[in-house]
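Using the numbering used here, read the sequence shown as starting at 5 and increasing by one per residue.
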Amino acid sequence: MSYVNDVLELVKTKYPEQPEFQQAVKEVFATFEPAIAAKAEIYRKNAILERLIEPDRQIQFRISWLDDNGNIQVNRGYRVQFNNSIGPYKGGLRLHPSVNLSIIKFLGFEQVLKNSLTGLPMGGAKGGSDFDPKGKSDREIMVFCQSFMTELYKYIGADLDVPAGDIGVGAREIGYLFGQYKRIQGNYEGVLTGKGLSYGGSLARKEATGYGLLYIVEEMLKANGLELKGKTIAVSGAGNVAIYAIEKAQELGAKVVTASDSGGFIYDPDGIDLALLKEIKEVRRARISEYILTRPNAIYTAGQRVWQTPCDIALPCATQNELDLEDARALIANGCLAVAEGANMPTTLEATRYLQENHILFLPGKAANAGGVATSGLEMCQNSQRLAWSFEEVDAKLKNIMIEIFKNVDSAAKRYQAEKNYVLGANIAGFEKVAEAMLAQGAV
Ligand code: NDP
Ligand code: 2IT
């Protein structure tokens, strides 16, 4: 068996109870053969793949917090520090009831390669908790975040590990986490990104993942003789990534007709009213079903079949495995040209394969949604310099980074005779830098 297959087998036998982690490794390793073959002996001797799939450390802890009724609630917290070969650990924190070790490990593994693709010096990590923020009061969110940080602070630092947001963690939560870190540690340091603008946050970080997604989609379309202007786009999700993807898509002249939350999706044939969506989601933290109360032409459908909507471009921006084979078939049948992953691993392996076999332009998350962490890297840079750059400056750097990512992904695919296979290109381009750093640093 090949070295790649040997290590894939190892993952299957060692972690049978971690389906999401296995899926992420399988997706990556399925594309690795050509890049590994040339150096199989040296990689095997240095256990590069065995080390790539085994996190440096996994921290798991109890979070106890007092709810509004005076009862103690208990949740489980995680931080998986995956690989710091090219820079300090970096990656988001997710608060969602589905969070478990398998999900945090898949996200951490992806983050290693994604961060490498940004070209910035950042290693990969991920963390979070099975805490459900839905329906919690502001006080409950605050005391949960404080309790979470009371354990997490031991393991993080501006040059060690810098967490940020992800599902369920936005500016409010980062504020409470930062406040508690500072209270315990005393140091005023850039230990988190996605901070508020009044205390060290970067302009354009909030918009970065969604904007970056559209910048790279535009670049991919251009490279294939297409343009974004005038295209119909289906988006899923209505959170941080989805909202700013919709904003930039509209600015660039496309028409976005869908958005969703975990309850269902809206279809608005006139194009999404973004001010209304922001009011519902960012201000009132309400359900997306309320959208149709003010937009009579729009339709709300309960459930997750958003991909049945005819579109030119599909941008899954909600969560993992939200686009399956049946959805992929519908997209192809409706003439969809491109799929780009705003979320992490939103497309199942079967759906990805089907889309690629049908020659759709498919851009994987580790390239498509890298604008968020890239701008986190720019926030770290500003914090170290004790400076704050203008919105235009950060946005221009973000756009440049996304264009460079596309070029690297595209050229890696071409180098291995797999033109337009951006999954292969992203995996290999991300891996090569990490592997080189690991080889240089010896047996650590
Ligand atoms: P938010 O919490 O802001 O929004 C998440 C959205 O997805 C909400 O609309 C939520 O609906 C929906 N959603 C979440 N879980 C599910 C589920 N199990 N089923 C259906 N819908 C769901 O998160 P983000 O926008 O920050 O993150 C979205 C995706 O983008 C995630 O995969 C994340 O890992 C990825 N990502 C985020 C980055 C960032 O900078 N924030 C950077 C790169 C990737 P509801 O409110 O009803 O739960
Ligand atoms: O998945 C991701 O890249 C993020 N949630 C952003 C991580 C970060 O450190 O900004």
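Each residue gets a CB set at the ideal place from its N, CA and C atoms; glycine is no exception. Computed from a prediction, not measured in an experiment: that's the story for all the values here.
Per the coordinates, the alpha-carbon of T352 lies some 9 Å from the alpha-carbon of E31. Closest by C-alpha distance to L428, out of V15, F33, V11 and L297, is F33.
In this model, D136 and H100 are separated by some 5 Å (Cα to Cα).
If only uninterrupted alpha helix (DSSP H) runs of at least 4 residues are considered, those enclosed by the region 277-304 are 278-282 and 295-298.
Counting only runs of 3+ residues, the beta strand (DSSP E) found wholly inside the region 350-413 occupies 365-367, in chain order. Distances from the CA of T262 to each of A302, A39 and M384 were compared; the closest alpha carbon is that of A302.
Contact between the region 374-392 and the region 92-110 is present: three or more C-beta pairs spanning the two stretches fall below 8 Å. Residue burial annotation: D274 is exposed, with fewer than 16 other C-beta atoms found within 10 angstroms of its C-beta. Positions of the alpha helix (DSSP H) runs, each at least 4 residues long and wholly inside the region 300-333, cannot be given because no such run exists.
In this structure, ligand 2 has a non-hydrogen atom nearer than 7 Å to the beta-carbon of A168. Burial of N87 is indicated by the presence of at least 16 other C-beta atoms within 10 angstroms of its C-beta. Annotation for G190: no alpha helix (DSSP H) segment contains it, and DSSP assigns it neither H nor E.
The region 205-224 makes contact with the region 395-410: 3 or more CB pairs, one atom from each, lie closer than 8 Å.
Cβ neighbours of V221 within its own chain (closer than 6 Å, five residues either side excluded): A344. For the 8 Å CB-CB criterion, N431 and L117 form a contact.
In the DSSP assignment, D10 falls within the unbroken alpha helix (DSSP H) covering Y7 to K18. Between the alpha carbons of L280 and I46 lies a distance of about 56 Å. Pairing I247 with I284, the inter-Cα distance amounts to about 11 Å.
A buried status is given to N244, since no fewer than 16 other beta-carbon atoms sit within 10 Å of its beta-carbon. Under the 10 Å beta carbon count, Q184 is surrounded by 16 or more other beta carbons and is classified as buried. Around the CB of V78, fewer than 16 other CB atoms lie within 10 Å, so the residue is classed as exposed.
In the three-state DSSP reduction, A422 falls in the coil class, being neither helix nor strand. Taking C-beta atoms as the reference points, F410 and M224 count as a pair closer than 8 Å. In this structure, the CA atom of N73 is about 16 Å from the CA atom of K138. In the structure shown, the three-state DSSP call for F36 is coil.
Note that the C-beta distance between R98 and G132 is below 8 Å. DSSP, read as helix, strand or coil, puts S68 in strand.
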